[in-house]
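Here's the structure, in structure tokens; my notes come after.
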Amino acid sequence: MFEFDSFDSHEKVVHVCDVKSGLRAIIAIHSTARGPAAGGCRLWSYESTSLALNDALRLSRGMSYKNALADLALGGGKSVILGPVSPECRKEQLKAFGDAVNALAGRYITAEDVGVGVPDMEIISTRTPFVSGLTDAGGAGGNPSPYTARGVRLGIEAVAQRTFGRGDIANLKVAVQGLGGVGGNLVRELAARGARLVVADIDPARVERACDEYSAEPASIDDILLSDVDIVAPCALGAVITESVARQLRARAVAGGANNQLATPNVGQLLHDRGITYAPDYLINAGGIIMVAAEYFAENSAERVNADVDKIHNRTLDVLDRAKAENLPTDVIADRMARDAIANRCSSTQAVAAETAAQV
Ligand code: NAI
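Each residue of the sequence shown is one higher than the one before, counting from -2 in my numbering.
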């Protein structure tokens, strides 16, 4: 693990194996400098354990950066459950996963990610209090996807402002890849503001619904990212903006909800060199974790959460402006800002609450 490119001085990485339920999982804690490490739990069928570990390492570092830029009193962590998990074993595996989270005594807080939903968090919550994204949260809580989509839409509007010189997105053409929790809510947000949509998903029913409800145009899953549109919004899995895609993109901007969109570090430079605006993924997809944090710290009135999510708009403008002023790729600027925020820690009330929670 220490030799992995994705290893970045992670504080703790736990391999979980529960023979009784068959659970195999990895919990990666990247940093607790700003508070307990928070980040979702992904259930995915990886081709190898190394790929699962690599994903946990990359995603947990991304969470440290995301939480720091969103000014949350949280560090970064992420967990992966190695699939497939049969429906008969799911409940027992989730309970065993809850026990593993609980054993970390508050250093890691879990929530939803790809393949894991609110009912799963409810099961995990029977074994540990270090979980968020639950139904009975009162106020904003439960499924974080609508808040993520709201933030992504605000990021897209900021990108439109700086790339096309306009404050609205009416008639801009946006290609959305993936119509799940985030993408499905994003198309609703974009359509409500008059954007024209091009969509793709491996699930034809989701494509059909978007076409029916929002007059979206379907595209092939193989080349939606190369569509002749103004903005592409990756909202499925990561590493989709490869060097080849970056060289062939016809859109003038990339702004979506998927984590870790850039396949390799030099892709950001490639986009910059081509004059394509890239809204760093963890900057604009922080809406969900903002809600998860508010729920966890019991500060989750819907108005407050929406107001915090809305700050993503100005934060995106700030990153784009700094990148322009320094003639550097936006991901380089955002990474630097996040590292500075981690170094400076956090003195908010949430930090105090987090410290108290960790001591209990
Ligand atoms: P989801 O599992 O609900 O939706 C993913 C969608 O992508 C599904 O409809 C799936 O069929 C589709 N898909 C998979 N492969 C595809 C392909 N090759 N081409 C087109 N569509 C494809 O997941 P969710 O929650 O919407 O997350 C999407 C991305 O956003 C992930 O990268 C996740 O890590 C990230 N994210 C999600 C947050 C949330 O609040 N749910 C928060 C921040 C990031």
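For each residue, glycine too, the CB sits at the ideal point set by N, CA and C.
Listed as beta-bridge partners of G181 by DSSP are no residues whatsoever.
Pairing N182 with A146, the inter-Cα distance amounts to about 6 Å.
For P231, no alpha helix (DSSP H) segment is defined; the enclosing uninterrupted segment is the beta strand (DSSP E) at I228 to P231. Nearest to E109 by alpha-carbon distance, out of R249, A100 and I120, is I120. Taking C-beta separations shorter than 6 Å and ignoring five residues to either side along the sequence, the partners of V111 in its chain run R39, following chain order. A distance of 9 Å or more separates the beta carbons of L169 and D225. Taking C-beta atoms as the reference points, Q158 and A255 fail to come closer than 9 Å. At a Cβ-Cβ threshold of 9 Å, L79 and W41 count as neighbours. Exposed is the label assigned to Q245, since fewer than 16 other Cβ atoms lie within 10 Å of its Cβ.
Every beta strand (DSSP E) stretch that sits fully inside the stretch 47 to 105 and reaches 3 residues is listed by chain position as 72 to 79. With respect to V171, A230 sits close: the two C-beta atoms are nearer than 9 Å.
In the structure shown, S28 falls within a strand segment according to DSSP collapsed to helix, strand and coil. Counting only runs of 4 or more residues that sit fully inside the stretch 136 to 203, the alpha helix (DSSP H) segments are 142 to 161 and 178 to 189, in chain order. Between D165 and R190, the gap from beta carbon to beta carbon is short of 9 Å. By the neighbour-count definition (other C-beta atoms within 10 Å, threshold 16), R55 is a buried residue. Bounds of the alpha helix (DSSP H) holding K321 are A299 to E323.
The beta carbons of H12 and I23 sit about 6 Å from each other, so the pair counts as a contact at 8 Å. At least one heavy atom of the ligand NAI lies less than 8 Å from the C-beta of R203. By the neighbour-count criterion, in which a residue is buried when 16 or more other Cβ atoms sit within 10 angstroms of its Cβ, C14 is exposed. Shown here for K75: same chain residues with a beta carbon closer than 6 Å to its own, the five before and five after excluded, namely A25, G36, A53, L56, S57 and M60 in chain order. Judged by DSSP in its simplified three-state form, H7 adopts coil rather than helix or strand.
For the pair L69 and A34, the CB atoms are not nearer than the 9 Å cut-off.
When DSSP states are grouped into helix, strand and coil, D117 belongs to the helix group. Burial state of N263 is exposed, judged by a 10 Å Cβ sphere holding fewer than 16 other Cβ atoms. A straight line joining the alpha-carbon of V251 with that of K17 spans about 45 Å. Between the stretch 323 to 336 and the stretch 270 to 277, the count of Cβ pairs shorter than 8 Å is three or higher; the stretches touch.
A direct Cα-to-Cα measurement between H310 and F161 gives close to 15 Å.
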